[in-house]
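Taken in order, the sequence shown gives residues 5 to 323; the numbers are from the numbering used here. Read through the structure below, which is laid out as structure tokens, and then see the notes.
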Amino acid sequence: MTTAQHKIGSGFGATTTAAEAVAGIDLTGKLALVTGGYSGIGLETTRALTGAGAHVVVPARRRQAAEEALDGIGGVEVGELDLGDLDSVRAFAERFLATGRRIDLLIANAGVMACPETRVGPGWEAQFATNHLGHFALVNRLWPAVADGARVVSLSSRGHHYSPIRWDDVQFTRGYDKWAAYGQAKTANVLFAVRLDELGAARGVHAFALHPGGIMTPLQRHLPREEMIERGWIDEAGNVLMRFKTPEQGAATTVWAATSPQLDGLGGLYLEDCDVAELSPEDAGGLAASGVRRYAVDRDEARRLWTLSAELTGVAAFA
């Protein structure tokens, strides 16, 4: 497989902050939509984009919490959206489309990680449904409002190394593993960007997926303390042992993906540390130190997942 997954020498890196990634870029007059843009790295993404002049729409499952978190940040509006509920996705999209506005930057940031087995909708596994299918339906329903030349950013994770798409049991009906389910959902986030970039090419719309880095945020809320100790993230006293990014650093690759002129003309790529990622070695087992798995940027896999997602959600913006 030929690939453009090669570093471009952006000049940024793992310690770059979101504010640094957008420095010198004027987003005045641009509209950005950031799911989950009120917590963790999503909040820092919103801060950076509004700081550069953008107006940011933040769809949120917990509207009151979102409004409280965003209080004092100008240029932000909050809307109600539950990605695990396709009726909620449809309602949000209809309300937005009725405003007649265009979206210049669409950032699929919200998600869940390694949660206990949970079923949503017609019995779908919650991580695949929330992280992937909800965003799939949202972007497809909002497609008429996506501006020509827009960018779509899909937050994945190095966790995609845990699992490709499990075509024989996507919904984990034959036994649940929270990390395999997370891995599959994060692989889906990459494949979504790969296929959307192909489909949006005629309108100059480009899509990127990314690993934001390891950050201590509310995303870890489902992990028992004992498991975080076992993984070497914290010690018995709760002190952080690993070198995690700050939320401001964790949001940097998202902001860079959404706004950097260095990415003009590129798309369908997986990014990390504010640069294009390399492919992971074929023999790298488990969670590799960096890079993207070949199966996550495979165009045939991306097309197959797009077809399945359209069938499951009943939503398709492209004939």
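Glycine residues also receive a C-beta, built at the ideal position from the N, C-alpha and C atoms. Quantities reported herein were computed from a predicted structural model and do not represent experimental measurements.
Checklist entry - What's the gap between the Cα of F324 and the Cα of A118? => result With the chain covering 5 to 323 only, the question about residue 324 has no answer from this structure.
Checklist entry - Bridge partners of D279, per DSSP? => result E276
Checklist entry - Alpha carbon to alpha carbon, what distance is there between Q131 and S284? => result 24 Å
Item to check | Endpoints, the alpha helix (DSSP H) within which L74 is located | outcome: 67–74
Checklist entry - In three-state DSSP terms, what is H10? => result coil
Checklist entry - Relative to the C-alpha of D152, which residue among T191, A184, A211, V198 is closest? => result A211
Item to check | Nearest-angstrom Cα separation, counted from S158 out to A197 | outcome: 6 Å
Next on the checklist: Less than 6 Å between C-beta atoms, sequence neighbours within five positions excluded: which residues of the same chain meet that for K182?
Outcome noted: A118
Item to check | Endpoints, the beta strand (DSSP E) within which A112 is located | outcome: 107–112
Next on the checklist: Determine whether the beta carbon atoms of V82 and R67 lie at a separation below 8 Å.
Outcome noted: yes
Checklist entry - From H215 to E98, what distance separates their C-alpha atoms? => result 30 Å
Item to check | Inter-stretch contact (C-beta, 8 Å, three-pair minimum) for the segment 271–285 and the segment 188–203 | outcome: yes
Next on the checklist: Rounded to the nearest angstrom, what separates G13 and E282 at their Cα positions?
Outcome noted: 12 Å
Checklist entry - Do the segment 249–263 and the segment 46–62 meet, that is, are 3 or more Cβ pairs less than 8 Å apart? => result yes
Checklist entry - If you draw a straight line from the alpha carbon of D302 to that of H59, how long is it in whole angstroms? => result 34 Å
Checklist entry - Can you tell which of S160, R123, P265, I29 has its C-alpha closest to the C-alpha of I45? => result S160
Checklist entry - Which ranges would you report for the beta strand (DSSP E) in the segment 140–184 if only whole runs of at least 3 residues count? => result 150–159
Checklist entry - How many angstroms separate the CA atom of T263 from the CA atom of E24? => result 12 Å
Checklist entry - Taking A205 as the reference, which of L291, G28, V150, W171 has the closest Cα? => result V150
Item to check | Option in R207, R155, V143, L137 with minimal Cα separation from Q175 | outcome: L137
Checklist entry - Which term fits L291, buried or exposed, when burial requires 16 or more other beta carbons within 10 angstroms of its beta carbon? => result exposed
Checklist entry - Is G269 helix, strand or coil when you go by DSSP? => result coil
Checklist entry - Assuming T39 contacts L85 under a Cβ cut-off of 8 Å, what Cβ separation, rounded to an integer in Å, is found between them? => result 7 Å
Next on the checklist: Does F212 come out as helix, strand or coil in the three-state DSSP assignment?
Outcome noted: strand
Item to check | Beta-carbon contacts of A154 that lie in its chain and below 7 Å, excluding the five residues immediately before and after | outcome: I107, D108, L109, L110, V209
Checklist entry - From what residue to what residue does the alpha helix (DSSP H) around A262 run? => result 256–263
Item to check | alpha helix (DSSP H) segment containing V93, residue limits | outcome: 90–101
Item to check | Check whether T7 and C278 have beta carbons under 8 Å apart | outcome: no
Checklist entry - Can you tell which of P251, A133, G179 has its C-alpha closest to the C-alpha of Y42? => result P251
Item to check | Extent of the continuous alpha helix (DSSP H) run through L309 | outcome: 303–317
Item to check | Own chain partners of G217 with C-beta closer than 6 Å, once the 5 adjacent residues on each side are dropped | outcome: K249, G254
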